[in-house]
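Here the structure comes first, spelled out in structure tokens, and everything after it is commentary.
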Amino acid sequence: MYPFTYHQPENARKAATVAGKLEDAKFLAGGMTLLPTMKQRLASPANLVDLAKCDDLRGIEVAARSVTIGAMTRHVDVANSKELQEAIPALADLAGMIGDPAVRNRGTIGGSLANNDPAADYPAAALALGATIVTNKRKIEAEQYFTGLFETALEDGEVITKVVFPIPAKAGYEKFRNPASRYAIVGVFVAKKGSEVRVAVTGAGSSGVFRATKIEAALTAKFSSKSLEGVKMPAEGLNSDIHADAEYRAHLITVMAKRATDKAK
Amino acid sequence: MSMSGIGAPVRRKEDFRFITGKGHYTDDINRPGQAHAVFLRSPHAHATINRIDASAALKMPGVLAVFTGDDLAADKVGGLICGWMIHSKDGSPMKAGAHPALAQGKVRYVGDHVAVVIADTYAQAREAAEKIVVDYTVLPAVTDMNAAVKPGAPVVHDVASDNTVYNWHLGDKAATDAAFAKAKHVTKLDIVNNRLVPNAMEPRAAVGDYDFGADSFTLYTTSQNPHVARLVLSAFIGIAPEHKLRVIAPDVGGGFGSKIFIYAEETVCVWASKKVGRPVKWTADRTEAFLADAHGRDHITHAELALDDKGKILGLRVNTKANLGAYLSTFSSSVPTYLYAPLLSGQYDIPAIYAEVDGIYTTTAPVDAYRGAGRPEATFVVERLMEVAAREIGVDPAQFRKKNFVTKFPHQTPVIMCYDAGDYNASLEKALEMADYKNVGKRKRESAKKGLLRGVGISAYIEACGIAPSAAVGSLGAGVGLWESAEVRVNPIGTVEILTGSHSHGQGHETTFAQLVSSRLGVPIDNVSIVHGDTDKVQMGMGTYGSRSGAVGMSAIVKALDKIEAKAKKVAAYVLEASDADIEFKDGKFSVKGTDKSVDFPSVALQAYIAHKFNGQDLEPGLKESAFWDPTNFTFPAGVHICELEIDPQTGVTRIDRWTAVDDFGEIINPMIVEGQVHGGIAQGIGQALCEGAVYNKDGQLLTASYMDYTMPRADDVPSYNVGMTQTRCPSNPLGIKGCGEAGAIAAPPAVVNALTDALGHENVPMPATPHAVWRAAQSTIAKQAAE
């Protein structure tokens with residue numbers, strides 16, 4: 001780890017102000033990606049603005065039509081929220097599938113969305129559920145938020161404050177884990193709201209999370225895993241690495257979509 | 001059987017300190033004034049070094065020194081050695097390239113040692129290492145063995161212009177050709193034994209400490225054999241004569257072979273401690289462990305099995321290329337030769353065997369012994385061939401094995417080994433029963449209903465352990481003898497210290513060795529301590545590897561205990577005022593035959609030291625004896641493992657449903673520890689079969705250099721094991737022990753692959769059989785099923 005200056009503001013507004021004044025500042029949420037990267041000397045921000053003391057960034061609120069989750073809410077709290085398990089069980093389920101207990105006890109939803117790791121789980125939920133990412137400056141629709149591998153619409157000094165998820169009629173998430181890292185090789189989130197079905201895929205795409213329109217069409221016709229029999233996803237645009245080539249990933253998207261649909265509630 | 005003697009499942013004495021974090025490992029050792037070493041490692045697989053500019057690094061805060069290969073050469077520090085000479089078919093010695101501890105003019109794998117920075121703190125050393133400027137000319141890498149031996153391939157060492165260290169062979173070629181000429185059926189198989197990274201929980205570490213007053217060095221290091229380390233560092237590398245070099249291997253957190261070897265890092269730390277005048281410490285980080293610990297396995301093999309018309313084996317032909325990496329590590333040359341081919345007869349009566357092995361240099365990390373060392377590779381060849389042959393001739397694989405088992409002992413194989421005792425049928429029958437083998441068909445149909453493919457695979461393994469008779473291994477090229485030593489010190493109050501040349505790094509010697517002493521002397525195991533891992537305390541010994549600590553290490557203790565008993569009887573005779581010949585020793589008591597006169601062991605110990613009851617000229621005071629044990633044969637643990645698994649053809653995920661292990665380890669000191677060794681071995685074998693594989697890209701970069709990409713087996717990857725035992729006593733050592741440390745890792749891979757190929761209905765699945773690989777392999781299975 002290279003030396004850096006550490007800042008610990010007490011609320012989101014101060015955090016944004018501090019970060020705005022500093023050269024080369026990074027927000028630190030749970031640190032589950034940033035800290036290992038710094039330890040490996042692959043990242044060396046001059047300033048680290050720790051959001052740990054920003055209590056205004058924490059919490060889960062369930063309303064009639066939406067759920068709002070504070071950016072610093074940890075995965076373990078999302079997974080264990082009784083209200084959320086009622087409102088959007090698939091989202092609580094997804095949070096409980098992230099990493100291992102140590103990661104879930106530190107990692108946060110805002111950190112995950114800001115990092116936009118192409119194999120992270122939350123981006124699939126945000127895109128499929130049509131979430132709104134709220135920052136200190138504006139509201140960004142998920143569709144416009146994810147812009148590429150580790151790339152988002154966030155600007156310098158912009159900090160996520162909360163995420164608003166519309167409550168779907170039914171949703172489910174299933175992922176196929178990388179046998180080594182246990183990140184998603186393919187993760188598929190299916191969500192049905194009214195007549196609309198949205199299906200988002202993480203882990204597979206060479207430019208990050210994307211919507212599987214072919215699967216959406218099949219499930220819109222009838223929301224059943226049987227609708228996906230014979231649906232073949234194209235391998236173009238999917239990742240190939242030592243763990244899974246594009247063809248295998250394409251195949252797994254359909255398999256995981258079927259299983260997510262079967263699980264959906 | 002007493003509660004704590006031989007055969008009792010005594011809880012491990014050492015576990016309390018390990019599981020409460022009170023172990024004392026090399027990294028826990030901090031010497032006054034200690035400095036820290038960081039190694040600058042090659043980012044290239046193959047390059048010449050034109051210039052190393054350390055001027056900026058030397059100006060960094062806290063930096064004491066930067067050393068390169070030139071500094072070692074100037075001090076006449078020798079290179080690292082390979083201690084086993086292999087000769088090629090034509091009689092020429094193996095072509096061993098120089099192996100300097102710090103590179104001299106050339107680097108040969110990613111992670112190779114270019115320079116060392118020594119600074120006040122680790123962080124300072126690391127900062128400074130980044131400031132060293134190395135001018136490289138990058139050369140083409142060669143990681144693939146087939147590519148390495150092609151004309152025009154990049155040459156790793158000039159001494160081996162075709163990258164071939166040796167073309168070695170074993171067995172009778174003419175007899176084997178004749179066997180194949182009359183064969184009714186020949187089974188042919190091409191298989192790859194995947195490269196593994198050892199991944200001991202504790203990474204390697206070293207602290208070198210030079211004492212200017214005494215002009216002597218102390219090296220604390222993560223070693224399975226500190227005396228061998230001292231011997232090599234003294235006699236070959238030339239750090240200091242043996243009496244001026246103390247090597248201490250304290251608690252060591254797993255070795256699996258990778259801590260047998262003498263590496264660059266400890267060599268440099270101990271040498272540099274005198275150069276900088278301060279103790280020098282180095283602890284590997286996990287990336288360094290991936291890059292620079294000696295790897296394991298990595299064979300490409302073509303094998304053929306000749307059968308007669310009744311399904312009896314006539315002959316076996318094996319051709320193997322073994323990747324030895326960029327340098328010959330300490331015992332690397334022996335692993336794919338004398339630790340491999342002599343096991344190719346398996347548990348079977350095979351009249352003719354001929355094996356050829358080419359050892360190949362590539363620009364990858366050195367490859368050396370890893371749990372099983374050669375024997376897993378041999379077992380994989382034999383047991384895959386047996387399975388495929390049975391399928392090809394339409395015979396049940398269990399029956400086919402039975403038909404070809406060795407049944408009469410001793411049995412001389414055509415490849416050196418003489419099997420002394422065993423009952424292979426007994427293990428097979430018991431395993432089939434425990435595995436409910438007869439109902440596999442029913443379970444397969446049930447799985448099929450769920451869309452899953454079920455398969456069962458047998459592995460009837462044999463290994464040669466308890467290595468080894470010194471003269472025998474000497475005749476095969478070993479540079480050392482493989483005996484073991486022990487000293488038994490009985491203290492005046494009757495407590496006992498055992499000084500053993502064996503080294504415990506997870507095996508539980510503090511418990512099992514104490515159980516032996518307790519059984520023999522009738523003292524509680526808490527009154528016995530086991531001293532190991534310090535060359536200043538313990539007499540010369542050979543260390544722990546090759547499942548040898550029980551069969552060889554404990555035999556040395558038995559021999560010393562025999563002497564203790566004989567001496568104590570003489571003391572007891574004086575105490576009891578009887579003749580030596582009339583003294584009996586039983587349950588910790590010396591008594592005079594036919595009388596009620598007796599004295600207990602602690603009292604005799606006290607009498608031996610106070611020497612009041614006898615004349616010191618007639619009998620030496622004291623009670624301390626030592627012994628060396630040189631085995632008369634290898635030992636031959638053998639057994640049958642049966643793996644039953646289910647494949648989800650939609651994802652390629654394999655789930656092991658049941659695992660049956662029936663092993664014959666001879667006599668057993670502690671069944672709980674033995675079972676633990678079996679569990680650990682199987683987990684490593686399943687790891688090799690389903691999870692682990694070191695992958696280099698064509699540029700020689702290790703793609704699997706962290707746990708993000710190298711799949712270690714986890715608890716949910718392995719099943720609950722059903723472990724049973726059969727027992728034939730080993731005739732070649734006093735305790736009848738065969739050894740158990742490597743069995744699981746040897747037995748497991750072919751059991752898994754035989755089960756996978758049974759489930760898939762074809763033989764084409766590689767190790768590691770990852771979900772991706774199995775899914776690919778399942779495509780043809782699904783296509784075939786659809787066609788039917």
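In order, the protein sequences belong to chains F and L. For the first sequence, the numbering used here gives the first residue as 1, with consecutive numbering after it. For the second sequence, the numbering used here gives the first residue as 1, with consecutive numbering after it. Built from N, CA and C at the ideal position, the CB exists for glycine as well.
Query: Bounding residues of the alpha helix (DSSP H) (the contiguous stretch that carries phenylalanine 146(F)); Result: Counting along the chain, phenylalanine 146(F) falls outside any alpha helix (DSSP H), though it belongs to the beta strand (DSSP E) covering 146 to 148.
Query: Three-way DSSP call (helix, strand, coil) for tyrosine 437(L) in this model; Result: helix
Query: Per-residue burial, leucine 328(L) [other beta carbons within 10 Å of its own, 16 or more giving buried]; Result: buried
Query: Sequence-distant residues of its chain with Cβ nearer than 7 Å to proline 166(F) (five each side left out); Result: Arg65, Ser66, Leu129, Gly130, Lys193
Query: CB-CB length for alanine 141(L) against aspartate 699(L), believed under 8 Å; Result: 5 Å
Query: Three-state class that DSSP yields for tyrosine 574(L) in the structure shown; Result: helix
Query: Coarse secondary structure for isoleucine 109(F), derived from DSSP in three states; Result: helix
Query: Between the CA atoms of alanine 103(L) and serine 334(L) - distance to the nearest angstrom; Result: 25 Å
Query: 8 Å contact criterion, which glycine 257(L) and glycine 550(L) should meet: CB distance rounded; Result: No, glycine 257(L) and glycine 550(L) are not in contact; Cβ-Cβ is about 17 Å, not under 8 Å.
Query: Whole-number beta carbon distance between alanine 627(L) and alanine 560(L), since they are thought to touch under 8 Å; Result: 4 Å
Query: Secondary structure of phenylalanine 290(L), DSSP reduced to three states; Result: helix
Query: Min CB distance valine 114(L) to chain F below 8 Å; Result: no
Query: Any C-beta of chain F under 8 Å from that of threonine 121(L); Result: no
Query: Whether aspartate 648(L) touches leucine 452(L) by CB criterion (8 Å); Result: yes
Query: Through-space distance from leucine 84(F) to glycine 110(F), alpha-carbon basis; Result: 17 Å
Query: Start and end residues, alpha helix (DSSP H) containing threonine 37(F); Result: 34 to 39
Query: C-beta atoms of valine 49(F) and alanine 25(F) nearer than 8 Å; Result: yes
Query: Valine 610(L), DSSP secondary structure in three states; Result: In the sequence under discussion, the amino acid at residue 610(L) is isoleucine, which differs from the valine named in the question. The answer is helix: DSSP assigns isoleucine 610(L) an H, G or I state.
Query: Straight-line gap, lysine 569(L) to histidine 612(L) (C-alpha atoms, nearest Å); Result: 16 Å
Query: Assumed close pair threonine 651(L), tryptophan 775(L) - CB separation to whole angstroms, cut-off 8 Å; Result: 6 Å
Query: Inter-residue spacing [alpha-carbon to alpha-carbon] between glycine 83(L) and leucine 482(L); Result: 12 Å
Query: The segment 112 to 130 of chain F touching the segment 196 to 216 of chain F, judged by at least three CB pairs closer than 8 Å; Result: yes
Query: Contact with chain L by phenylalanine 176(F), beta-carbon distance below 8 Å; Result: yes
Query: Contact residues within the segment 175 to 194 of chain F, judged by C-beta distance below 7 Å to chain L; Result: Phe176, Pro179, Ala180, Ser181
Query: Under 7 Å from the C-beta of valine 255(F): neighbouring residues of chain L; Result: Gln650, Thr651
Query: Sequence-distant residues of the same chain with beta carbon closer than 8 Å to valine 192(L), five excluded per side; Result: His299, Ile300, Thr301, Pro766, Met767
Query: Interface partners of leucine 252(F) on chain L, CB under 7 Å; Result: Thr651
Query: The segment 677 to 696 of chain L: positions lying closer than 7 Å to chain F by Cβ; Result: Cys691, Val695
Query: Exposed unless 16 or more other CB atoms sit within 10 angstroms - verdict on lysine 537(L); Result: exposed
Query: Contacts of isoleucine 242(F) in chain L (Cβ-Cβ under 8 Å); Result: Val695, Leu703, Thr704, Asp709
Query: is_contact[tryptophan 775(L), chain F] using C-beta, thresh 8 Å; Result: yes
Query: Cα-Cα separation between lysine 226(F) and phenylalanine 189(F), rounded to whole angstroms; Result: 17 Å
Query: Beta-carbon gap between isoleucine 530(L) and alanine 514(L) smaller than 8 Å; Result: yes
Query: Within chain F, partners of histidine 772(L) - CB distance below 8 Å; Result: His243, Ala244, Asp245, Tyr248
Query: Helix, strand or coil at tryptophan 483(L) according to DSSP, with G and I counted as helix; Result: coil
Query: Residues near arginine 489(L) in its chain [Cβ-Cβ closer than 6 Å; skip 5 each side]; Result: Glu497, Lys624
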